[in-house]
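Protein chains in written order, with our numbering: chain A, 1 to 307; chain B, 1 to 389; chain C, 1 to 606; chain D, 1 to 148. Beta carbons are placed, not taken as given, at the ideal position from N, Cα and C, and that holds for glycine.
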């Protein structure tokens with residue numbers, strides 16, 4: 001029991017670090033984007049100020065319990081995802097609740113938040129919320145296919161469902177990273193990653209030209225603060241997951257930061273250059289090339305790596 | 001959407017099938033009046049079947065400030081400070097046309113220097129407006145890099161306006177009788193430098209926006225205007241030129257110094273959003289070229305204002321006139337009637353946005369995806385304030 | 001889809017290595033362009049408060065408010081523009097129209113205050129940090145919202161004009177008058193400056209409307225001598241006209257003349273429609289000059305029986321005897337006088353008070369007496385030999401010419417003096433065929449005569465010798481001739497103040513011989529008709545009356561006015577004195593019915 | 001008249017005489033307004049006297065070296081009589097002439113004296129009179145010669 005409580009304590013610390021890191025990296029990325037756009041961009045303190053401001057605001061209206069549970073579900077999804085990902089390899093303190101089947105749990109939790117959002121935003125009664133959620137879920141369904149195929153590919157490759165073991169298998173030099181051992185799966189996953197991060201060309205569900213920034217518009221005060229916190233936490237968590245699965249994990253915080261930032265940059269490099277696809281174009285895209293690559297990666301594992 | 005042959009396009013669209021809203025098949029959606037996907041304060045009442053639009057109706061009136069009526073209660077000199085607000089991103093055309101209408105009726109001859117300065121001012125305005133539009137078109141499809149560039153660069157053009165006219169947006173520079181001042185010292189060098197930068201920027205934009213797989217995927221085939229739609233719908237400007245009709249008032253009925261400038265009417269052959277966008281990019285380059293020509297030819301001394309009566313009690317003789325100019329969106333016209341008093345009897349401002357944002361938009365929107373509404377709207381280049389004078 | 005379209009967009013990253021468009025500083029540090037239309041600056045000392053900015057503002061963002069430190073200045077309304085930045089749209093029309101070019105804009109455009117009332121301020125009076133900003137919008141050179149140049153009056157050429165006594169100024173045509181009337185900015189500073197407070201902007205407005213009858217009505221409210229004043233007024237209105245600050249003042253005098261010229265004398269009774277209800281009171285007026293007749297007109301309108309005592313043969317006083325007919329034709333003076341007389345004013349010619357009728361008698365017989373005898377005695381130079389027979393007085397020469405007598409001036413004439421009488425005498429002499437030299441103590445710029453008169457007399461061939469002080473008149477060899485000894489003068493700044501004073505240079509003396517010398521150095525009053533007691537009772541200072549409220553003298557029944565009672569000694573002042581005295585007499589005779597509004601120049605005349 | 005005090009006494013007496021002269025004339029004139037003017041002249045002379053008294057008591061110093069503007073107006077005017085119906089112009093001429101005479105008297109006197117303190121005092125008095133002359137000449141220039 002005590003050991004379990006200690007684990008919760010450790011996780012809280014991890015949560016804090018990852019959230020703060022998520023906010024910081026978010027500010028950094030904003031500045032990089034600004035640079036491309038010919039601007040100086042926001043100060044690093046801006047995301048922190050935004051969140052603090054929102055948390056200290058009060059609300060005087062109510063849209064019903066479910067509406068407010070939306071952001072709660074969303075952040076629960078984010079926390080849940082992080083809870084089962086080992087953050088620093090070989091460090092018991094930051095290994096969280098990693099266990100043998102954690103990869104499945106993580107993929108489940110990644111969906112969980114979005115579903116919560118759907119329930120909450122749907123409660124607002126605004127058609128744009130519904131449209132935004134529908135688009136978000138459609139696109140998610142689409143990019144989950146290549147992502148799932150890539151995960152299956154490496155599960156077969158490493159013959160395990162434990163993230164810790166997948167990371168462990170990649171230790172001993174960069175040439176052991178999935179990126180190099182199973183580049184086909186990595187390619188499929190990175191394409192799915194573009195959709196997952198919500199940058200162009202796959203940001204239709206946030207498109208301000210149609211559904212002014214989507215469901216977050218409907219929320220305010222601390223609920224918006226929760227959403228913003230989750231955005232940072234969940235974003236960082238996804239990066240850590242990708243780092244663990246495809247880029248050899250990290251043995252220290254510095255390595256983690258460098259690797260995650262570089263992974264993040266992949267989405268930005270593409271994001272600033274392209275307009276967004278329509279939702280049907282986006283779905284069609286994911287179900288074509290990335291899915292084919294995902295299938296190929298399984299074949300590749302079976303035919304090349306395991307033969 | 002295809003047109004049935006043998007019918008005029010306007011008639012064909014006159015009786016759309018009203019969607020049965022009670023069937024539960026459709027969602028009704030109001031895009032606007034406050035909405036980032038609309039170019040200003042107006043509203044689109046959309047009926048959706050899934051993501052597809054089955055009916056679109058434009059609602060205006062959110063921006064109505066009654067300019068035409070205001071002008072009937074203000075003296076001829078006061079009006080010129082009002083009209084610039086009729087098209088916020090392109091105020092100069094209103095100033096020019098209002099002034100020109102007054103001059104036509106009262107028989108005032110504008111001096112040569114003022115003619116050149118006006119021409120330059122109008123072309124600078126076209127450049128600024130096009131830069132803003134390019135950003136709008138790119139942003140409507142979700143590429144935010146280009147808007148940041150063009151809006152920032154537009155500010156350099158606005159710097160030129162600030163130097164030339166004393167204000168960035170509402171220049172109030174072209175006044176009945178001429179212009180309010182000559183060019184400040186060193187303006188020509190600065191203007192040339194900014195033109196050079198603008199050309200470089202346009203090359204860059206062509207590379208990243210027009211040679212862009214996603215931009216093409218979004219804009220090609222969107223909102224096709226066929227040549228037989230042009231006359232029934234009263235489509236003008238780049239929207240008409242993009243489908244192959246070489247109509248440009250600057251060339252066809254030259255005003256100001258345009259008959260002495262060297263340029264050709266640009267017309268395209270792709271009548272979709274991409275074609276229109278590409279045509280406008282070329283026209284932006286054309287404007288830069290024309291500004292350079294104006295800088296070359298504009299006299300640097302001499303009067304810039306005709307002899308004027310005392311404007312405090314200026315009575316313009318009774319008469320009527322229609323004057324027009326080619327703004328970025330096409331023919332912009334002022335119809336003015338005076339009755340010999342100190343006030344104008346009636347002014348009718350005819351901006352191209354009226355047809356483009358209402359009749360044309362309502363038709364082109366049908367059958368498109370909801371995600372394309374913003375891009376389509378921008379590709380027609382409409383300014384709601386000029387719909388509601 | 002081709003590969004170029006996939007890769008080309010990545011060129012956006014090029015921009016990441018260039019200088020950003022934005023700056024990290026707040027934009028407040030960026031100054032506006034040199035000609036930026038920012039916050040308003042008013043150089044209050046140059047501003048005259050004409051209110052053109054207020055008139056042209058389409059947002060009604062400018063109010064004219066009193067500014068204590070500028071009240072009471074000549075040619076200044078004492079008002080200054082107050083801006084309401086809740087309404088201003090920074091169009092700058094106020095700057096464009098500003099007649100004094102005192103209104104400008106700074107290139108400041110950022111202003112933060114927690115007090116909303118601060119955005120309602122009087123530029124140039126309320127202290128603002130941008131008041132001394134050198135940049136900002138100014139009206140460009142050569143840009144005008146009203147014509148700065150006046151419409152030239154057709155004049156006889158100097159060659160023609162010296163041939164006869166025909167009127168020199170030919171008058172405006174209707175088109176010219178309308179163009180000139182158009183230049184008025186309707187500020188009303190002229191109304192305040194005009195001694196008679198004529199409704200200048202209103203009658204100019206009536207020219208623009210082509211309604212000359214209304215114009216005539218407006219003029220008669222404050223001045224029964226419009227035909228006269230339209231020709232010879234000293235027009236202080238024009239000297240303060242704000243249009244004249246940067247251009248030429250509106251030709252108010254010519255416009256006034258134009259209205260009168262448009263209306264036939266026989267239409268006057270119909271247009272002016274003066275209804276007279278007899279009051280039963282009798283009022284005596286001494287002197288049928290502009291002051292006396294003006295009083296007669298306004299008193300008659302109030303129904304009083306008016307008797308005017310005139311020593312001369314005709315009415316008009318100095319207007320008839322002092323102003324040559326090439327400036328004021330008799331017909332036009334008669335037009336004014338005839339209308340006044342037509343109302344039933346009784347003028348007794350050739351009746352000199354003190355000789356034919358005793359002043360005391362008047363005081364007994366009449367309910368009130370208005371005294372405006374003018375300045376009829378020419379001043380003496382008090383130099384040696386002044387009593388020479390060939391030394392004539394300017395007034396006498398003018399009176400002779402006006403009456404059709406030959407003043408006998410000969411063919412070479414020296415005129416001494418720099419006032420209007422001197423100019424008139426000189427120009428009259430030119431018309432009589434004489435060669436004219438004008439000797440004046442000071443510089444031409446110091447001449448009290450009308451600038452136009454000086455200019456025209458020079459054009460007509462009068463030789464003005466400035467800084468020439470006559471010291472002695474010497475009998476010449478021939479009896480028909482006379483010599484004058486004069487010395488050149490240097491202008492020296494008076495340490496005790498005042499204008500620069502001429503100092504005789506005794507080493508530069510000249511002696512010239514002429515056929516006659518016309519002395520026109522000024523004139524004084526002749527009050528000998530009053531008894532010593534009366535003279536003691538009526539307050540007299542420096543040879544002039546010092547009237548009190550409503551031109552009333554120390555004697556309750558006696559009112560004084562005209563040249564004999566004011567310092568300006570011009571027709572328009574005399575007319576106003578007469579009008580004002582009429583109000584005073586009305587107050588005396590009818591104290592219950594008198595209201596203050598009757599004194600208002602915009603209301604009905606008393 | 002050999003000492004400074006004597007000469008000052010003489011000058012003070014002269015001023016008093018002048019004041020008396022104007023006062024006497026004022027009593028006789030009948031023309032409206034002239035009485036006030038002559039009384040004003042008399043008061044002006046009284047002020048001169050006060051000034052000289054102040055010089056005598058040492059409160060005030062004469063300034064023989066200071067140049068005084070000479071308008072030379074009175075030099076060329078004819079003499080007029082101080083009659084009962086004297087005009088304003090003539091009254092001013094009388095005043096100017098009187099001051100001029102005093103000025104001439106003192107400056108002639110000083111010319112004959114060798115360089116001494118007495119000479120300085122007399123010169124100072126001459127300058128004082130010149131100032132009085134300037135006062136009346138300025139008045140004449142301003143009021144009588146207004147149009148000339």
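Beta carbon proximity, residue i to chain C, threshold 9 angstroms
{"i": "residue 199/B", "result": "no"}
{"i": "residue 35/A", "result": "yes"}
{"i": "residue 152/D", "result": "Beyond the ends of chain D as shown, which are 1 and 148, falls residue 152/D; an answer cannot be given."}
{"i": "residue 115/D", "result": "no"}
{"i": "residue 273/A", "result": "yes"}
{"i": "residue 88/D", "result": "yes"}
{"i": "residue 292/A", "result": "no"}
Pick from the options that is closest to residue i, judged by C-alpha positions
{"i": "residue 195/A", "options": "295/A, 81/A, 281/A", "result": "281/A"}
{"i": "residue 130/B", "options": "304/B, 157/B, 114/B, 119/B", "result": "157/B"}
{"i": "residue 344/C", "options": "332/C, 364/C, 359/C, 305/C", "result": "305/C"}
{"i": "residue 391/C", "options": "517/C, 467/C, 445/C, 298/C", "result": "517/C"}
{"i": "residue 140/C", "options": "384/B, 304/B, 325/B, 326/B", "result": "304/B"}
{"i": "residue 299/C", "options": "64/C, 224/C, 453/C", "result": "224/C"}
{"i": "residue 266/A", "options": "199/A, 299/A, 305/A, 257/A", "result": "199/A"}
{"i": "residue 76/C", "options": "62/C, 45/C, 58/C, 97/C", "result": "45/C"}
{"i": "residue 483/C", "options": "471/C, 489/C, 448/C", "result": "471/C"}
{"i": "residue 49/B", "options": "28/B, 57/B, 171/B, 176/B", "result": "28/B"}
{"i": "residue 175/B", "options": "285/B, 97/B, 68/B", "result": "97/B"}
{"i": "residue 265/B", "options": "248/B, 254/B, 278/B, 256/B", "result": "248/B"}
Within-9 angstroms CB hit, residue i to chain B
{"i": "residue 38/A", "result": "yes"}
{"i": "residue 140/C", "result": "yes"}
Beta carbon proximity, residue i to chain A, threshold 9 angstroms
{"i": "residue 365/B", "result": "no"}
{"i": "residue 22/C", "result": "yes"}
{"i": "residue 157/B", "result": "no"}
Paired residues, beta bridge with residue i - DSSP
{"i": "residue 83/C", "result": "62/C, 121/C"}
{"i": "residue 516/C", "result": "413/C"}
{"i": "residue 297/B", "result": "Residue 297/B pairs with nothing; no bridge assigned."}
{"i": "residue 75/B", "result": "343/B"}
{"i": "residue 305/C", "result": "282/C"}
Beta-carbon separation (whole angstroms), residue i vs residue j, contact threshold 8 angstroms
{"i": "residue 116/A", "j": "residue 78/A", "result": "Contact flag wrong, Cβ pair sits at about 10 angstroms."}
{"i": "residue 538/C", "j": "residue 545/C", "result": "6 angstroms"}
{"i": "residue 256/C", "j": "residue 230/C", "result": "4 angstroms"}
{"i": "residue 316/A", "j": "residue 192/A", "result": "No answer is possible for residue 316/A: it lies beyond the span of chain A, which begins at 1 and ends at 307."}
Min CB distance residue i to chain D below 9 angstroms
{"i": "residue 492/C", "result": "yes"}
{"i": "residue 422/C", "result": "yes"}
ask   = If you measure beta-carbon to beta-carbon, which residues of the segment 175-209 of chain B are closer than 7 angstroms to chain A?
value = Correct list: 208.
ask   = Which of the residues in the segment 42-75 of chain B, read from start to end, lie with their CB under 7 angstroms from any CB of chain C?
value = Those residues of the segment 42-75 of chain B that come within reach of chain C (Cβ to Cβ, closer than 7 angstroms) are 74.
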